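**Q** Starting off with a structure, shown below.
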Amino acid sequence: MAPSSTFARCFVGLLSVGHCATYIEDCADGQCAEASLGLLQRGFNPVRHKERIPVNSFDHHGRWCSYCGPPSSDRIDRLDAPYTLREDCGNLSTPLGIPGPLQEMPLTTFARDSDPPTNAYCELNFQKGCSDAVANRDFLYFGKVVDLRSAADRKSDGSTCLKQGFLQPSLKALAKNFSALQALGRQLCETKFAKYRWKGGITLRDGEEVYTTHRSRSASEAMAMGLEPDTPSQEEAEFLAAWKCALGNGELGCEMAFCAYTFCDKGGGETGAYEECPGWDPVRGNVDA
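If you use mature numbering (1 follows the signal peptide of the UniProt record, and there is no 0), the sequence shown corresponds to residues -22 to -1, 1 to 267, in order.
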């Protein structure tokens, strides 16, 4: 008798790996881990598989991973020099995600001065594409592994980038210069965003709570604060930048490059994303060639 549940059919190989990867992203029970194992036993590799990989997928070792990449083929212009993807990350992740106690620990706790260096992005497999961007000395890589599909997500992240100051023309001009953007990001973490005490203070859950708070505000609550729905306050946007400083142990280049690649400032507090921006290109985004 053929297995009836989606989980069971994935585990024994009756459904395509692409279908199963989507199922695992959406499921919310303990069977996710076993389904993940089933995919891996069938040769599924989320880094090399040709079908579109969900935001939440699995790394080389079967552990949960967000923004693992790689970018879709239309966003890549280096076929002769493929991206290097780190296989030493995710040491503190599991097939079911990041254990709760680790989400309450200061993010800088996970940083180590190893070779290559590691941080919370890498150790937790949280937005792990940032670690790969640094490994390839190409911060735009991180922008390319993020695919914002909903209008609400685009509005929220676009407003966040705008209020963080990451859509300024002078910053966009640096987006393709890894060393310059890295230096600027480190400087901003040590100056503009230092007041949020990201060193030893901010946890994974802190950032997620700030993000959830502004995304869950009702229209009337947002209006009372002088905000549009799905947009953060200035302080919330800056805190989220400090959160990224903590995740990267002082690295902010991924966030700045994501903003520069994805969004444009349309004036009046409005932003556009991807094709809504004049001249947007899937390879270079909104960054001048």
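The beta carbon of each residue, even a glycine, is placed where N, CA and C say it ideally should be.
On a predicted model such as this, the values are computed, not experimentally measured, just so you know.
Tell me the residue span of the beta strand (DSSP E) that contains residue 251.
**A** First-last of the beta strand (DSSP E) with residue 251: 248 to 251.
**Q** Pull up the CB-CB distance for residue 142 and residue 215, whole angstroms please, since I reckon it's below 8 Å.
**A** About 5 Å; that satisfies the 8 Å criterion.
**Q** Quick check: the region 32 to 50 against the region 105 to 124, are at least 3 beta-carbon pairs closer than 8 Å?
**A** Yes, the region 105 to 124 touches the region 32 to 50.
**Q** Can you name, in chain order, every residue of its own chain whose Cβ lies under 6 Å from the Cβ of residue 207, other than the five neighbours on each side?
**A** Excluding residues within five positions, the ones whose Cβ falls inside 6 Å are 197, 200.
**Q** Where DSSP assigns a beta bridge to residue 181, which residues make up the other side?
**A** DSSP lists 84 as partners of residue 181.
**Q** Given a cut-off of 8 Å, decide if residue 162 and residue 152 are closer than it, judged by their beta-carbon atoms.
**A** Contact flag set, yes.
**Q** Taking the straight line between their C-alpha atoms, what separation do you get for residue 194 and residue 157?
**A** Rounded to whole angstroms, residue 194 to residue 157 spans 37 Å at the Cα level.
**Q** Looking at the secondary structure, which residues open and close the beta strand (DSSP E) in which residue 244 lies?
**A** Taken as a continuous stretch (DSSP letters only), the beta strand (DSSP E) holding residue 244 covers 241 to 245.
**Q** Quick one: Cα of residue 96 to Cα of residue 170, how far?
**A** When rounded, the distance between both Cα atoms is 24 Å.
**Q** Can you name, in chain order, every residue of its own chain whose Cβ lies under 7 Å from the Cβ of residue 235, other than the five neighbours on each side?
**A** These residues qualify, in order along the chain: 117, 118, 120, 121, 153, 159.
**Q** Using a 10 Å radius around the Cβ and a threshold of 16 neighbouring Cβ atoms, would you call residue 105 buried or exposed?
**A** Residue 105 comes out buried.
**Q** Let me know the secondary structure DSSP gives residue 43 once reduced to three states.
**A** Here residue 43 sits in strand by DSSP.
**Q** Return the CA-CA distance between residue 67 and residue 219, expressed in angstroms with no decimal places.
**A** The straight-line gap from Cα to Cα measures roughly 22 Å.
**Q** Taking C-beta to C-beta, are residue 230 and residue 166 nearer than 8 Å?
**A** A contact, by the Cβ cut-off of 8 Å.
**Q** If distances are taken between C-alpha atoms only, which option among 89, 237, 180, 115 comes closest to residue 155?
**A** When only C-alpha atoms are compared, the closest one is 115.
**Q** Can you tell me which of the three DSSP states residue 265 falls into?
**A** Note: residue 265 maps to coil in three-state DSSP.
**Q** Could you round the C-beta distance between residue 260 and residue 53 to whole angstroms and report it? I think they count as a contact, below 8 Å.
**A** Rounded, the Cβ-Cβ distance is 5 Å, consistent with contact.
**Q** So the alpha helix (DSSP H) residue 217 belongs to, where does it begin and stop?
**A** First-last of the alpha helix (DSSP H) with residue 217: 212 to 225.
**Q** Tell me whether residue 259 sits in a helix, a strand or coil according to DSSP, three-state version.
**A** Of the three classes helix, strand and coil, the one that applies to residue 259 here is strand, per DSSP.
**Q** How would you label residue 173, buried or exposed, when you count the other beta carbons within 10 angstroms and need 16 or more for buried?
**A** Residue 173 comes out exposed.
**Q** Tell me whether residue 69 is buried or exposed, calling it buried when 16 or more other Cβ atoms sit within 10 Å of its Cβ.
**A** Exposed: under 16 other Cβ atoms inside 10 Å.
**Q** By alpha-carbon positions, which one of 55, 35, 91, 109 ends up nearest to residue 75?
**A** It is 35.
**Q** Kindly indicate the opening and closing residues of the alpha helix (DSSP H) around residue 196.
**A** Counting along the chain, residue 196 falls outside any alpha helix (DSSP H), and DSSP gives it neither H nor E.
**Q** What are the boundary residues of the beta strand (DSSP E) that includes residue 36?
**A** Residues 34 to 36.
**Q** Classify residue 55: buried if its beta carbon has 16 or more other beta carbons within 10 angstroms, exposed otherwise.
**A** The residue is exposed, with fewer than 16 neighbouring Cβ atoms inside 10 Å.
**Q** Provide the residue span of the alpha helix (DSSP H) that contains residue 111, from first to last.
**A** Counting along the chain, the alpha helix (DSSP H) containing residue 111 begins and ends at 107 to 113.
**Q** Would you report the Cα separation of residue 137 and residue 253, rounded to the nearest angstrom?
**A** Those two C-alpha atoms are separated by around 17 Å.
**Q** Going by the CB atoms, is the gap between residue 227 and residue 111 shorter than 8 Å?
**A** Contact flag unset, no.
**Q** Buried or exposed: which applies to residue 127, given that a residue is buried once 16 or more other Cβ atoms fall within 10 Å of its Cβ?
**A** Burial call: exposed.
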